[in-house]
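Asks: Quick note on this note's numbering: the sequence shown kicks off at 368 and runs consecutively.
Each residue gets a CB set at the ideal place from its N, CA and C atoms; glycine is no exception.
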Amino acid sequence: MLKTINILNKRARFDFELIEKYSAGIVLTGTEIKSIRLGKANITESFCEFNERGELFVINMYIEEYAFGNQFNHKARSERKLLLNKRELKNLAKNVQAKGLTIVPLKLYTNEKGMAKLEISLARGKKTYDKRESLKEQDTKRDLDRIKKIYK
368 MLKTINILNK
378 RARFDFELIE
388 KYSAGIVLTG
398 TEIKSIRLGK
408 ANITESFCEF
418 NERGELFVIN
428 MYIEEYAFGN
438 QFNHKARSER
448 KLLLNKRELK
458 NLAKNVQAKG
468 LTIVPLKLYT
478 NEKGMAKLEI
488 SLARGKKTYD
498 KRESLKEQDT
508 KRDLDRIKKI
518 YK
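1. Look up Glu416 in the DSSP assignment and say whether it is helix, strand or coil.
2. If I follow the unbroken beta strand (DSSP E) through Leu485, where does it start and stop?
3. So what does DSSP say about Tyr433, is it helix, strand or coil?
4. Excluding the 5 residues flanking Lys484 on each side, which residues of the same chain have their C-beta closer than 8 angstroms to its C-beta?
5. I need the straight-line Cα distance from Asn418 to Gly492, nearest angstrom please.
6. Would you tell me roughly how many angstroms separate the C-alpha atoms of Asp506 and Lys377, rounded to the nearest one?
7. In terms of residues, what are the limits of the alpha helix (DSSP H) holding Ala460?
8. Considering just the uninterrupted stretch of the beta strand (DSSP E) at Gly392, what are its terminal residues?
9. In or out: Arg420 buried (at least 16 other Cβ within 10 Å) or exposed?
10. Tell me, to the nearest whole angstrom, how far the beta carbon of Lys448 is from that of Glu416; I am working on the premise that it is less than 8 angstroms.
Next comes the structure, spelled out in structure tokens:
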């Protein structure tokens with residue numbers, strides 16, 4: 368492939384404390400992968416959920432309809448199945464059930480073979496004071512970088 372696609376969920380690192388990361392494949396149709404390769408996707412509002420059969424799905428992921436698609440074009444927001452090992456799925460399901468954690472998509476990318484992958488993470492929601500603390504850290508880091516730039 369000529370270029371790799373990296374679509375990030377910047378909001379996830381701010382809203383959640385990330386515990387474990389996994390790389391999962393996605394079941395896509397032809398027009399969906401074409402739109403992803405054009406960079407026309409968004410994962411900021413999406414989340415992952417198990418169905419009754421123990422399969423993991425990403426919900427509310429936006430993939431824009433392919434511009435050159437015909438009547439067989441895909442829906443922009445639909446559930447898409449994630450592909451993981453059975454052991455990883457059991458581990459995720461156990462942690463979500465017992466500890467009240469959630470599964471959040473972090474990055475949508477294409478690998479060297481051109482396959483679309485979704486990096487997901489087991490996460491715990493941050494409290495508001497944790498969010499304020501991370502904002503304060505970002506501000507101090509930005510100020511320090513400005514001061515360093517002045518004295519170079």
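Replies: The answer reads as follows:
1. Taking the sequence shown and counting its residues from 1, the one referred to as residue 416 is at position 49. It is a strand residue.
2. The residue you call residue 485 lines up with position 118 of the sequence shown. Where Leu485 is concerned, the enclosing beta strand (DSSP E) stretches over 483-492.
3. As a working note, residue 433 is residue 66 in the sequence shown. In this structure, Tyr433 counts as coil in the three-state DSSP scheme.
4. Residue mapping note: residue 484 aligns to position 117 of the sequence shown, counting from 1. Excluding residues within five positions, the ones whose Cβ falls inside 8 angstroms are Ser390, Ala391, Gly392, Ile393, Leu475, Tyr476, Thr477, Asn478.
5. Mapped onto the sequence shown, residue 418 falls at position 51. Mapped onto the sequence shown, residue 492 falls at position 125. Answer to the nearest angstrom: the Cα atoms are 22 angstroms apart.
6. Numbered from 1 along the sequence shown, position 139 holds the residue referred to as residue 506. Numbered from 1 along the sequence shown, position 10 holds the residue referred to as residue 377. Roughly 16 angstroms separates the two Cα atoms.
7. As a position in the sequence shown, residue 460 is number 93, starting the count at 1. From DSSP, the alpha helix (DSSP H) with Ala460 extends over 453-466.
8. Here residue 392 refers to the residue found at position 25 of the sequence shown. Counting along the chain, the beta strand (DSSP E) containing Gly392 begins and ends at 383-393.
9. Translated into positions along the sequence shown, residue 420 becomes position 53. Exposed is the call here.
10. Counted from its first residue, the sequence shown places residue 448 at position 81. Counted from its first residue, the sequence shown places residue 416 at position 49. Incorrect: roughly 11 angstroms between the Cβ atoms, too far for contact.
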